[in-house]
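Q:
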C-alpha cells in the first residue's frame with residue numbers, strides 16, 4: 007500500500023476525527039468564556055457576534071502559545 011492508497015482509503019477517518027476534535031475543543035474552550043464576555047455583552051459594549059469572534063481568536067492564540075504550559 008503506497009501513500010496515495012492510504013490517503014484515499016482513510017481520509018474519512020481523518021476528517022471525522024478532525025470534526026470531533028473541533029467540537030470537543032469548542033465545548034471545552036467555551037466553558038469559561040461567559041465569565042469574560044458576559045458583562046460586556048449585557049452592558050451593551052459589544053454584541054454577541056463580536057464577542058464570539060474575539061473569544062475564538064483569543065482561545066486559539068492562548069492554546070497555541072501557552073497550551074503546553076497549562
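In the working numbering, the protein residues as written are 7 to 76.
For glycine and all other residues, C-beta sits at the position ideal for the given N, C-alpha and C.
Bear in mind that the values here come from a model prediction, so they are computed numbers and not experimental data.
1. Kindly indicate the opening and closing residues of the alpha helix (DSSP H) around residue 56.
2. Is the segment 43-50 in contact with the segment 17-31, if contact means three or more CB pairs nearer than 8 Å?
3. Going by beta-carbon coordinates alone, are residue 30 and residue 61 separated by less than 7 Å?
4. By Cβ distance, which residues of its chain are closer than 7 Å to residue 66, with the 5 residues on each side in sequence left out?
A: Concretely, from the data shown:
1. 54-72
2. no
3. Cβ distance not < 7 Å, so residue 30 and residue 61 don't count as in contact.
4. none
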